[in-house]
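Mind the numbering: the sequence shown is residues 0 to 100 in numbering that gives the first Met the number 0, read in order. Just so you know, even glycine gets a beta-carbon here, dropped at the ideal spot from N, CA and C.
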Amino acid sequence: MAQGDVILDVRETAELKSDGAIEGAIHIPRGLVEAQADPETGKANEALAAKRDGTGRVHVLCASGARAALAADSLRQMGYDTAVIEGGLAGWKDAGLPLRA
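Okay, here's the thing in structure tokens:
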């Protein structure tokens with residue numbers, strides 16, 4: 000990841016508790032991504048909305064990749080630069096990358 004990039008974890012809160020979370024990742028469940036990515040809703044996640052200006056790529060992750068692909072597509076349509084973390088959390092773990100318990 001380049002400087003200014005962020006990780007967006009779109010898993011449900013229960014999944015973070017049971018499977019672990021990535022340190023420093025933004026957590027927004029898949030069903031809330033569009034509302035929290037749009038600064039005009041008044042419900043925007045500031046860390047995510049700040050990336051809409053092109054200052055960094057949003058790397059999207061879920062358990063396996065399906066929800067992440069949908070979220071990344073929606074964000075792309077909203078003007079974000081996105082990428083899907085292939086393999087989801089399982090791929091992250093298989094690569095030996097760290098998790099916060």
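Look up residue i in the DSSP assignment and say whether it is helix, strand or coil.
| i | result |
| --- | --- |
| residue 13 | helix |
| residue 18 | helix |
| residue 82 | strand |
| residue 4 | coil |
So which of the options has the shortest CA-CA distance to residue i?
| i | options | result |
| --- | --- | --- |
| residue 53 | 95, 81, 18 | 81 |
| residue 84 | 99, 50, 65, 40 | 65 |
| residue 110 | 97, 72, 98 | This structure does not reach residue 110, given that the chain is present from 0 up to 100, and the question cannot be answered. |
| residue 13 | 56, 57, 55, 61 | 61 |
Please report the straight-line C-alpha distance between residue i and residue j, rounded to a whole angstrom.
| i | j | result |
| --- | --- | --- |
| residue 74 | residue 86 | 19 Å |
| residue 38 | residue 89 | 31 Å |
| residue 78 | residue 17 | 32 Å |
| residue 1 | residue 51 | 16 Å |
Are the region 40 to 50 and the region 20 to 30 touching, with three or more C-beta to C-beta distances below 8 Å?
yes
Contact between the region 28 to 38 and the region 4 to 13 (3+ Cβ pairs under 8 Å)
Flag = yes, the region 28 to 38 and the region 4 to 13 touch.
Which runs of the beta strand (DSSP E) spanning at least 3 residues fall entirely within the region 32 to 79, listed in chain order?
57 to 60
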